[in-house]
Each structure stands twice: as structure tokens, then as C-alpha cells.
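Residue numbers (the working numbering), protein chains in the order written: chain A, 1 to 331; chain B, 1 to 331.
The structure appears right after this line, and notes come after that.
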DNA sequence: CTGAAAGCGCTTACAG
DNA sequence: CTGAAAGCGCTTACAG
């Protein structure tokens, strides 16, 4: 039994009686080869069991169709819905997604950026906010397409698709004030983006005549357990809030569970809001009022940007997809 | 301002006064170049800002250091902890992970396998169980390293690293029987793996003298909301169970929330178990008795297999990492 | 320990 | 619509 090399373009060309160039054209742009030729090539591909070598294609064509997505984590990430949509949408257009984990550690971020560049990805998608100006400059100098998502910086590295965390916070403040709440308490994960939302909330709240909200900071990544602890920490506040504004749906869920275990009815005695509008938010008891980020929309805009770049067309630098408050039972 | 091509190996070689081959050796295996030469090369890399082209390297070297991980989803996946560990561990050894989503759809699975093969990945990691024999054969014929994780088939496609779902179910049956429960009810997501666990549970339970457990099937991916519905469905049972064995921690969590809202104390009136030992399981109120799968261990074994393959060493076909029951408050 | 040279499997002007 | 040829940027026997 001889070990067979896997067939190459040349083998397909031979079987179809055409040149390798024609097979390549058929694979990448079928409409430019004659229908009859195309049919022979299709048959030859079938007969040989040819699987194109995208690595060679990437090297020769200068386009890898590889996209790097850098996320802090996936075990418990608020980005997962968006990332799932992203992978789906990008795959539907022939791209593959390289997922890299950065934690909240700038060094790992740099390492993964380097790896992505070395793989000659067509684009790097960044979730969250890259604070370090040096990293931003390095990336800019590199000339790759860089897409920042979720956050929407004033001055994007390259292109940003997302929403203003500040505005999201402001909207939530107006919404809760409109609902008659008067003493909000903020549970804020230690990340730049949550910070921004909290700032937006507080600024709006005060400008609308409210007293500055109290706040508690919790570690990232935020999770269910922190919600429970955050509820207990309320006991230490000089004045009890009437609504707790949580930095994520997980925190909100944990807080509700703990509140109810303590006999505190939500929202009657204490209202709660989350962030992210995870599927669970609509399923929880009570259902959780949250802020929805349209991951599918973000994914589609990202694809549009990528396609425009590939076609050499100009692209907007900031694409605001906004957020939407989903009013449910918890607040 | 002229646009500069990014520097190549040749440019580094020129700057260091050596041949490209030597720079390549320094990059891939520093110990085989003379220390002084290595130092000059390092300086040249620094000076030129060289970023190696891994695409070219993969083509020339026949090793991509790209690993494809195929998962059903990530928005709400019980594999996320394992995948996170996998990405971490593989990245630490210079690999990148291409994440592809397959849903529960065999056609998409085939498409993604084809893409992975076209990218000439070093290995394909499959989570869950590939039932279709034709797909299994195609993959076997291809000669790539294929690693099935979580499930542990009797006859792996290539290598399997995981645990026996059947045994996990059996262990849980013995555990609950030992705790004195007598009327288990199974909530079973419609996936081959959950099925297997349920079968293992039922077989063991009956062989230990119990009556065949009642069961409810729910859609995959399983989520919190299904847990709530599953609790309500209990009302339709002719006899009430004393413990509900849930196919995932999410289902368990939802079921507990709904039970408590209905005034049913857990575990006093109804005990509950989950599966997966997500972080949330330990944080929930009551904490959830679950079955732990050691994702870190799986990831390390996968890396070991990959390294052995790269070195041309033989590898075991089935690596059983087992599972562990984590007894907590809920059962 | 190092270099010259062939080759990995494609894509893409260029020419017809 | 199709082909011949150069080239993408590396790695790796082979030789010294």
C-alpha cells in the first residue's frame, strides 16, 4: 500500500485537460471560465478528491481569509453571542476565525497581536478596549485592518463597530429615572467599558437632579457569584438603594437569587438591571431588564467592512449600532 | 511617503550578514546556531521589525501549527471551559486555534471539516460525538490527526481524549442511590452524549434494584429556560420524583429557580443534580451537585498527543480522563 | 555551524 | 476564455 500525496491543482488540471491557472480561476471566480471547461474541472475535482491548499493560496494571493478574533475569555464572556454571530457570518463568506484569548493582561494581548500578524490575517478583531497607546500605535503602523467591536472609541485604531458605553449608561439612567427610581446603586466590573457605562450613568443621573449613585467594584470577568456577594454588600451601605444597576446579566442574576433567598422581593423591594441581554435574562424569574447589544448586526457590519476593504473601497471609521433597553420584570 | 513592504527573512539575513537559512534555523531552533550569530540575528530582527510569515513557513515546512476546533456553539456551551483551556494550552506551545461552529447539523460539520483540511491544519479537534459513519471514514482516510474530546467512543476516528458518558451516568446513579434517593427523574438534552449518560444512569439504577426512571427530553443547546419548563413539567408525572437529574448545570439552575419560586425547597423537597460543574454551580444558592469534567487535563492530554504526533511517536487511541462527582447542597 | 538551491502549491499579471 | 511563467516567503536536505 503506497501512501499517496494528496492531489494538487496540477493533478486536477491534468485530469481536466486544462492548465493549473484555469483550475485556479474556476475555484476562485467560476464565472470567468467557460461553462463547458468548468464542468470538466468540476468532474476532475470530484474524481481526484482534490482539496485546495488554502495556505499556498494565501501565500500566492496575499489574502489569507483568516480573521483573528481577540477576546478576554470565553468561559464566561458577555461577548460570546457576538462572537458566535461573527464566526457564523464570516464563515458564510469563506473566512476562518482564529480565536485567541488575551485575559485582561496587556502582555498577552501583545503576544497574540504578534501571532495574528505573523499569520498574515486579513483582519484583527478586538473586543473590549485597548487602552495602551503604544499598542494602538503599533497596530496602526502595521497596516492590517483592525476592527474594534463593542466599544466605540473617539479615535479608533482603524475601524470601530459598536456602541458608546457612555451613551448606554446615560440611557439607562434616564430610563430608570423615568420609572420613578431614586436611589440607584452601581455594581461595576473593573473594566474600561463598564467604567464608561457607570460614568455615563452617574453623569446623566446627577444632571437630571439625582444624588450621585453609590457604587461597588467587582473583579472581571464578572460572574454569578459576584452578584450574590454584591447583594450582601448592600447591607454596608448607609442608605439602601431602590435599584441595583449591574454591569452584566450574570451579576444581576446572582443578585436576584441572593435577594430572594434573603426574602427580598424583586422588583417590589429592590429593582435590578443587567447588561448584555443574554438569553438567560429573558428566562430568569423574574425576567431581567437588560441592555441589548445586537451581536448579529455587529457581525454583519464587520463583514461589510472586510468586504469593502478587500475591494479597495473606503470604509467609515466609526459604525454605531447603538443599544436597546429591554424592559422586563426586574426593574 | 513610500509604502514599505514588510521585511522578509532575506532582509534580516542581509542585516545580520548571514544566509536566510541560518535566520530560519535561529527562529525555529535557536540552539543549533552559534550564540554569536544568534545575537547578530536577534539584533537584525529587532532593527528591521521583522515579523515572520507563518503562512510561508507552513507551506514550506508542511506543518501549519494551526489547530481546528469544531464545536456546536459557544454562546451557551458546556464545552467552553474545556475550549478555553485548550486554546490556552495550545497557544503556549506556538499553535493557533481556528474555531468553527457546527451547530447540530451534519452538513455544516462536513463543510467545516473540509475547510479545516483545506487550511492544512495539524489537527482537528471534535467536541461531541460524530455519529455519521461516512464522516468518520472520510476523516480517517484523510490522514490528519483527529482528536475527539469529551466523548470516548469505543472505536475512535483517530485519538480520543475524554470520558465515558455511560460511566458518568452510572456513577451518578450509584451516588444518588447511596444518598438514599429512590425516584429519580431525568431531564435529557437531545444529544448523543446526554443520551448515553441517561442510558448509563438508567441501566445502573435498574440493576441496583430501582424502578426505571421517568424522563423528559429537551432541545439542545440546553439552557436556563429549559430548566424552568422542566420543573413545571413535573406536575404531569404520575408520581413525583425525589431527585431530578439534569443534563447540564444550566438546566439544573433554571429548575432550582423555578422550584423555589413555586415554594418547593431544594433539596429538602426535591433534590437536583447538574452536569459540567460550571463555575456557577458552586456559586448557586443552593450550590449545585454536579459532575466535573477536567477541561485543563483534557487540554494537556491533547497537547501531549499533538507533540507526540509531530515527533513521529506512537500515541494511545483512547485517553480516559474520567469524571468526578462534586457533592454540594442540591442533592 | 553555515550556505546554495530546490521546492512547498498556489495566484496573477501578461500575452494571446 | 486560456496558458506559460514568475513569484509569494519560507524550510530543509545536501554539502561543506
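Ideal placement from N, C-alpha and C gives every residue a C-beta, glycine not left out.
Since this is a predicted model, take the numbers as computed values, not measurements.
Its Cα nearest to that of residue 86 (chain A), the residue A:297 stands out among A:324, A:318, A:308, A:297.
At least one C-beta of chain A is nearer than 8 Å to the C-beta of residue 114 (chain B). Under the three-pair Cβ rule at 8 Å, the segment 160-170 of chain B counts as touching the segment 201-209 of chain B. Linking residue 219 (chain B) to residue 13 (chain A) through their CA atoms gives a straight-line distance of about 47 Å. Note that the segment 263-283 of chain A does not touch the segment 286-304 of chain B; fewer than 3 beta-carbon pairs, one per stretch, sit closer than 8 Å. With contacts defined by Cβ atoms closer than 8 Å, residue 67 (chain A) and residue 125 (chain A) form a contacting pair. What residue 261 (chain A) touches in chain B, judged by beta-carbon distance under 7 Å, is 285, going in chain order.
Taken through DSSP and simplified to helix, strand or coil, residue 65 (chain A) comes out as coil. If you look at residue 78 (chain A), you'll find it isn't in any beta strand (DSSP E); DSSP assigns it neither H nor E. Under a criterion of Cβ atoms nearer than 9 Å, the residues of chain A adjacent to residue 254 (chain B) are, in order, 280, 283, 284, 285. For residue 134 (chain B), no beta strand (DSSP E) segment is defined; the enclosing uninterrupted segment is the alpha helix (DSSP H) at 133-142.
Rounded to the nearest angstrom, the Cβ distance from residue 214 (chain B) to residue 241 (chain B) is 7 Å, consistent with a contact under 8 Å. Of all alpha-carbon atoms in B:244, B:54, B:50, B:136, the one lying nearest the alpha-carbon of residue 11 (chain B) is that of B:50. Residue 145 (chain B) places its beta carbon 8 Å or farther from that of residue 55 (chain A). Under a criterion of Cβ atoms nearer than 7 Å, no residue of chain A is adjacent to residue 269 (chain B); the nearest Cβ is some 16 Å distant.
Among the bridge pairs identified by DSSP, residue 162 (chain A) is matched with A:150, A:320. Note on the segment 162-246 of chain B: whole alpha helix (DSSP H) runs with a minimum of 4 residues are 165-178, 192-207, 224-233, in chain order.
Separation of residue 190 (chain A) and residue 299 (chain A) (C-alpha to C-alpha, rounded to the nearest whole angstrom) is 26 Å. The three-state reading of DSSP puts residue 19 (chain A) in coil, since its state is none of H, G, I, E or B. DSSP places residue 127 (chain A) in no alpha helix (DSSP H) but in the uninterrupted beta strand (DSSP E) bounded by 123-127. One finds 80, 81, 84 in chain B with Cβ atoms closer than 7 Å to the Cβ of residue 75 (chain A), taken in chain order. Looking at the backbone, the Cα of residue 301 (chain B) and that of residue 307 (chain B) are separated by about 10 Å. Residue 236 (chain A) counts as exposed, since fewer than 16 other beta carbons sit within 10 angstroms of its beta carbon.
Within the same chain, 64, 65, 66, 120 come within 8 Å of residue 58 (chain A) by CB-CB distance, once the 5 residues on both sides are set aside. The C-beta of residue 53 (chain B) comes closer than 8 Å to at least one C-beta of chain A.
With fewer than 16 other Cβ atoms from the protein chains shown falling within 10 Å of its own Cβ, residue 107 (chain A) counts as exposed. Within 7 Å of the CB of residue 59 (chain B), the CB atoms of chain A belong to 55, 56, 59, in sequence order along the chain. Against residue 64 (chain A), the close residues of chain B are 55, in the order they occur along the chain (beta-carbon pairs closer than 9 Å).
In the pairwise beta carbon analysis, the segment 89-103 of chain A is classified as not touching the segment 141-160 of chain B: fewer than three pairs are separated by under 8 Å. Residue 264 (chain A) carries a coil assignment under DSSP once its states are collapsed to helix, strand and coil. By the criterion of at least three beta-carbon pairs nearer than 8 Å, the segment 30-37 of chain B is not in contact with the segment 70-86 of chain B. For residue 97 (chain A), the nearest beta carbon of chain B is closer than 8 Å to its own beta carbon.
Against chain B, the CB of residue 257 (chain A) has a partner CB under 8 Å away; the residue lies at that interface. Leaving aside the five residues that flank residue 233 (chain B) on each side, the residues in its chain whose CB is nearer than 6 Å to its CB run, in chain order, 216.
A contact between stretches requires three or more CB pairs, one per stretch, nearer than 8 Å, and the segment 135-143 of chain B fails this requirement with the segment 134-154 of chain A.
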